[in-house]
Structures are given as structure tokens and as C-alpha cells.
Amino acid sequence: MKQLSKIQTALMLAFLVTVWGINWPLTKAALAYSPPLLFAGIRTLIGGLLLLMVALPRFKKLRFKETWPIYLISAILNITLFYGLQTVGLNYLPAGLFSAIVFFQPVLMGVFSWLWLGESMYPLKIAGLILGFAGVAVISAAGFGGHISIAGILLALGSAVSWALGTVYVKRTGGRADAIWMVALQLLIGGVLLVSSGHFSESFSAIQWKAPFILSLLFISVFVIALGWLAFFTLVGSGEASKVASYTFLIPLISITVSSIFLHEPLTVSLLAGLLLIVTSICFVNITPKKLKTPALAAEKKAVH
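In C-alpha cells:
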């Protein structure tokens, strides 16, 4: 996949963490008008259809007979299991605790990328990943109260594991499938599976097609689902998956800040403490030790000459 410039990477990361951060309070508001699985499926299908229109002119790059297993597996891991387990699990755990467990994903990504993608692992990166998770835990601490369900914890862990495995899988197989077709088809396949699940367990008549719901649905479908996932996998494909994942620690921070402004949820000292831990985490993960940097630079110069 084509390498992004530093400016392109920074802009894409800023866009990604912002829209994915806004997604949580928007989804919370939208669920007052729709059953969860149907809402997850409809927004994913709309996002997939939008990207399909972009992908169709690149039809020759689809190579469906050769690549269909890639699309299917990535759809199951990144969309169906990630959103499905997440939606069901929120019924068993407080939102703060659930989101903290889900954002254990960057730590898992660091381990999986080291095991299966050959990415480097060193003490500073390990410390950074742990600090990032600690930051999310501190930010989400207010939601740790209430009944703690083993089923809810397992569903949250399942959501984190499926997202981490799905990201590593896409990174590992990315060279065999077109990037836009990869995102479009996994959204379409995952969306169909989610809507089908919702059809059997929920009711379409329960959806209230009111202006707030429609506006939230359209924003999430376009920016969070279609453009968000495309940006995420573009970033993962052009750099180290674990380093890209480290920036997703910022998502709960943005989510809580937006919630405090628009949903009048309180801002606390824990938010500032979590911010400090997350920023430190991102710095640690993205600092490459000299002993690792020197061989990489030498290889790069050799490739140029």
C-alpha cells in the first residue's frame, strides 16, 4: 500500500479519532429511537453502499473469486463480531467499564502485530501500551459502579479481541485485495449479518424515524462507518498497526468530552489524569529506539541506491 506523508497521516489520524470519538455519544442518543442490532446493521449497510459506489469503477480490482475469503473473514471479525458483541454486551455492563475493556484493543494489537506481523516490540512500547490502557481505565472509572457481569466482561473482551484480530488480518492480507473493495465489502457483508440478527431478535417497527435519529444515522453512516473505516485501514496499511492503534486511546477521551458538552455529562479530574497518561502512551509507542532505527534507515538508504 502507498505510504502516506507525515501531514497526510496526521490529518487522517485527527479525522479518525474525532469522528470515532463523536460516534459514542451520537450512538447513545440514537439508540433511544432504535433497537441496537438493527441500528448497527442499518448504519453499516448504508456506509457499505456509499463505498460501493466509489468501488464500482474499480471493478477489475475486485477479483472476487480469489479474494472472497478475505472479505468474509474481515467482515466477521471487524464488523459482525466487533459491533454485535459490543451492542449485546452493553446490556450487561456499565458503559464506562465496557468501553475501557474494549479499548484494551491497542494492547492486544501490539502483541498480535509483534507475533504475526513481525513488528518490533521493546520496553518503551510495552510501557506505552500499558499506560494508554491505564489512561482509558482512569477516564472510564466513573462508569465502573453497579453490577459486574462475567458475561459482560467476556463480551467486551470478545469485542476487543475480534477488532484486534481483524485489524491484523487486514494488514497481513492487504496486499492481496483492493483497499476500497476491502472496506466496502466487509461493511456490506457485516451489515447484512447484523440486520439479519436484528430481524430475528428485534422489530423494524420499533424504529422511530424522527429527525434526530435520521441525522445521527446519516452522520454515523458517512463519516464514522464509511470514511472512518477507510481511514483506519489506510493508516494501518501504510504504517505499523500497533502505532496506529495507540492513537485510538484518544477516542474515549473525545467521546467523554463531547458527551459533557452536548449530553451535559460531568467533566472530572480523572479526565485530565487520563489525558496525561494517554498522551504519554502515544509518545512512548511512537518513539523508536536508536538501535532499531539505525538498521531501518540503513535498509532504506540501500533500497534507494
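In full-length UniProt numbering, the protein residues as written are 1 to 305.
Glycine is no exception: its CB is placed at the ideal position from the N, C-alpha and C atoms.
For residue i, tell me which candidate among the options has the shortest Cα-Cα distance.
| i | options | result |
| --- | --- | --- |
| Leu157 | Phe15, Val258 and Val107 | Val107 |
| Thr248 | Met12, Thr173 and Leu187 | Met12 |
| Ile278 | Thr288, Val258 and Leu253 | Leu253 |
| Val54 | Leu185, Ile207, Gly198 and Ile282 | Leu185 |
| Val102 | Trp114, Thr87, Leu271 and Leu115 | Thr87 |
| Leu193 | Ser201, Gly41 and Ala30 | Gly41 |
| Ile207 | Leu38, Asn23, Ile79 and Ala10 | Leu38 |
| residue 308 | Gly174, Gly198 and Val244 | Here the chain covers residues 1 to 305 and nothing more, so residue 308 does not appear. |
| Ile214 | Val285, Leu26, Ser5 and Ala14 | Leu26 |
| Val152 | Gln3, Thr268 and Asn91 | Note on residue identity: the sequence assigns Gly, not Val, to residue 152. Here the closest residue by C-alpha is Asn91. |
| Phe200 | Ile7, Pro35 and Ala30 | Pro35 |
| Gly191 | Ser255, Gly228 and Thr80 | Thr80 |
| Ala32 | Thr67, Pro212 and Ile189 | Pro212 |
| Leu49 | Gly239, Gly198 and Ile189 | Ile189 |
| Ile282 | Ser270, Leu155 and Leu250 | Leu250 |
| Leu272 | Asn78, Leu77, Ile139 and Gly118 | Ile139 |
| Leu276 | Leu155, Gly135 and Lys65 | Gly135 |
| Trp181 | Ser260, Lys60, Ile76 and Leu4 | Lys60 |
| Leu155 | Asn23, Ala127, Glu119 and Gly89 | Gly89 |
| Gly228 | Ala29, Ala30, Asn78 and Ser197 | Asn78 |
| Ser260 | Trp68, Trp209 and Trp24 | Trp24 |
Pick helix, strand or coil for residue i, following the three-state DSSP scheme.
| i | result |
| --- | --- |
| Pro289 | coil |
| Ser120 | coil |
| Ala29 | helix |
| Pro38 | As written in the sequence, residue 38 is Leu, which differs from the Pro given in the question. In the structure shown, Leu38 sits in a helix (DSSP, three-state: H, G or I). |
| Gln3 | coil |
| Arg63 | coil |
| Asn78 | helix |
| Ser149 | coil |
| Ala10 | helix |
| Phe15 | helix |
How about residue i and residue j: do their beta carbons lie closer than 8 Å?
| i | j | result |
| --- | --- | --- |
| Leu45 | Val224 | no |
| Ile70 | Ala160 | no |
| Val258 | Gly84 | no |
| Ala137 | Ala179 | no |
| Arg172 | Trp116 | yes |
| Leu187 | Leu51 | yes |
| Phe133 | Val168 | no |
| Gly166 | Phe82 | yes |
| Leu129 | Val285 | yes |
| Gln105 | Ala245 | yes |
| Gly47 | Ser255 | no |
| Pro289 | Leu124 | yes |
| Glu119 | Ala241 | yes |
| Thr9 | Gly237 | no |
| Ser270 | Ala127 | no |
Return the Cβ separation of residue i and residue j in integer angstroms, given the expectation that the two are a contact with Cβ distance under 8 Å.
| i | j | result |
| --- | --- | --- |
| Met109 | Ala164 | 5 Å |
| Leu56 | Phe232 | Wrong, their Cβ atoms sit about 22 Å apart, outside the cutoff. |
| Leu93 | Ser149 | 6 Å |
| Leu230 | Val183 | 5 Å |
| Thr268 | Leu131 | In fact, because the Cβ distance is near 19 Å, the residues do not count as touching under 8 Å. |
Consider the C-beta atom of residue i and the heavy atoms of the ligand GTP; say whether any pair is separated by less than 7 Å.
| i | result |
| --- | --- |
| Trp181 | As far as ligands go, the structure on display features none, and thus does not contain the ligand GTP. |
Self-check item: Ordered list of alpha helix (DSSP H) runs contained in the UniProt domain "EamA" (151-286), each at least 4 residues
Solution: 179-201, 211-219, 228-238, 241-246, 250-262 and 269-286
Quiz item: Which runs of the alpha helix (DSSP H) fall wholly inside the segment 85-117 and span at least 4 residues, in chain order?
Solution: 95-102 and 105-116
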